[in-house]
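Trainee: Encoded as structure tokens, here's the structure I'll be asking about.
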Amino acid sequence: MKKVYITMNIPEIAEKLLKEEFEVVVNTDNKFLSKEALIQLGCEYDAILSALTNIFDEDILSKCTKTKIFANYAVGFNNFDIDYIKENSIIVTNTPGVLSDTTAETAISLLFAVSRRVVEADRFVREGKWEGFSPKLLLGKDIYNKTLGIIGAGRIGHRFAEKLRGFHMKILYHNRERDLCFEKSFNAEYCELDDLLKRSDIVTIHVPLTEKTRYMITKKEIDLMKDDAILINTSRGSVIKEEDLIEALENKKIYGAGLDVFEDEPNINSRFFELNNTVLLPHIGSASKETREMMATIAAKNIIRVLKGGEPINLVY
Ligand code: DGY
């Protein structure tokens, strides 16, 4: 019987589907899998259902002699050495589509949390500081009629724009390529990155992490932003140079930031904890019950197809 290893405790549906056909082992405690452990799994299991915290570099992949498919439990797949998988036609799949709405909703919740100081206000109440209605208490910023800059108008960026339709925003976007359909649907204007940063009141990032997008936002880019701009990131932490962002937030160079992702997860730079103008989430962009189940189903289906001699549905390359 073919063997499948699931590297994290994901929704049971994956195990259930896979168990109908294969022997399945789940890392139910989410225990850390070292490089050696990943290599061993790759020599023992026909398929690995991996998570974004499992780093498969060239060295590891070249030693995973048995594994026919790596089904990554995420839409992002920057935890794999992309050049190596391309050159060696290694089957890696992801979970696109099903998490776009949920991730866009997370980005929007961050936007409102920052603009209307929701977390700060909640803390204020809990700390017993509220003495009664006060006209100037915790004033925030409106979102409607503002200029929204979307960096990466793919599936998630698209959903973000769609959900904010009622807020009558001017939409700018920056993408690898122009997307005429996106422009038409949202009356959106394509901009170079610098131009978008200069003109937007809100900047939201929805790009995959690649060598091109790593540190796409550094001090140089932040300096172009408006003083009262809000930056939202639900993509990958390393798209932003975190030190530069922290400095800008400390110096109130921008209004605030909402972050679901960080450069060195789960380690968070402790300077963030001092910042009232920043809302921090523990990488929960796609974390709704429904979506996480759909992701588990897709990952399992890709494995079933490949181990039964078929083509994967969501090959990343
Ligand atoms: C992804 O899918 O890439 C998210 O970051 C995790 O759901």
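Quick note: the sequence shown, position 4, residue 31 per the numbering used here, numbers continuous. Where a beta carbon is used, it is the ideal one built from N, C-alpha and C, also for glycine.
1. By DSSP, does His185 sit in helix, in strand, or in coil?
2. Does the beta-carbon of Ala101, which I'm using as the reference point, lie nearer than 7 Å to any heavy atom of ligand 1?
3. Please state the DSSP three-state secondary structure of Glu50.
4. Under 8 Å between the Cβ atoms of Ile273 and Asn296?
5. Please tell me whether Ile66 and Ile87 are closer than 8 Å, where the distance is taken between their beta carbons.
6. At a threshold of 7 Å, does Leu79 count as lining ligand 1 (C-beta to nearest heavy atom)?
7. Let me know if Arg205 comes out buried or exposed under the rule of 16 or more other beta-carbons within 10 Å of its beta-carbon.
8. How is Lys43 classed by DSSP in three states: helix, strand or coil?
9. What ranges does the alpha helix (DSSP H) occupy inside the segment 233-307, keeping only unbroken runs of at least 4 residues that lie completely in it?
10. Would you kindly check if the distance between the Cβ of Ile325 and the Cβ of Leu45 is under 8 Å?
11. Count the C-beta pairs between the segment 227-237 and the segment 169-184 that are closer than 8 Å, then say yes if the count reaches three, no if not.
12. Looking at Leu79 and Ala101, is the spacing between their C-beta atoms short of 8 Å?
13. Any heavy atom of ligand 1 within a distance shorter than 7 Å of the CB on Cys310?
14. Would you kindly work out how many angstroms separate the C-alpha atoms of Ser89 and Asp287, rounded to a whole number?
15. Identify, in the order they occur along the chain, each residue of the same chain with its Cβ nearer than 6 Å to the Cβ of Cys218, setting aside the five sequence neighbours on each side.
16. Taking C-alpha atoms, which residue in Asn214, Ile259, Gly312 and Val343 lies nearest to Val141?
17. Report yes or no: do three or more beta-carbon pairs, one from the segment 103-111 and one from the segment 247-255, lie closer than 8 Å?
18. Verify whether the separation of the beta carbon atoms of Thr97 and Leu334 is less than 8 Å.
19. Could you please give the first and the last residue of the uninterrupted beta strand (DSSP E) stretch that includes Thr318?
20. Taking the alpha-carbon of Ser136 as reference, which of Glu154, Asp110 and Leu308 has the nearest alpha-carbon?
21. Flag Ser315 as yes when its Cβ comes closer than 7 Å to any non-hydrogen atom of ligand 1, and as no otherwise.
22. Are the CB atoms of Thr133 and Thr318 nearer to each other than 8 Å?
23. Could you tell me if the beta carbon of Thr133 falls within a distance shorter than 7 Å of some heavy atom in ligand 1?
24. Check whether the Cβ atoms of Gly264 and Glu292 sit closer than 8 Å, and answer yes or no.
25. Which residue comes first and which comes last in the alpha helix (DSSP H) that contains Phe213?
Mentor: Working from what's here:
1. helix
2. True, at least one ligand heavy atom lies under 7 Å from that Cβ.
3. strand
4. Result yes, Cβ atoms of Ile273 and Asn296 sit closer than 8 Å.
5. yes
6. yes
7. Burial call: exposed.
8. helix
9. 246-251 and 269-277, all fully within the segment 233-307.
10. no
11. yes
12. yes
13. Looking at the sequence itself, residue 310 is His, so the reference to Cys does not match. At least one heavy atom of ligand 1 lies closer than 7 Å to the C-beta of His310.
14. 32 Å
15. Result list for Cys218: Leu199 and His201, in chain order.
16. Ile259
17. no
18. The sequence shown places Phe at residue 97, not Thr. Cβ atoms of Phe97 and Leu334: not closer than 8 Å.
19. It is not in any beta strand (DSSP E) - Thr318 instead sits in the alpha helix (DSSP H) that spans Lys316 to Leu334.
20. Leu308
21. Distances between the C-beta of Ser315 and the heavy atoms of ligand 1 are all 7 Å or more.
22. no
23. no
24. The answer is yes: Cβ separation under 8 Å.
25. Leu207 to Phe213
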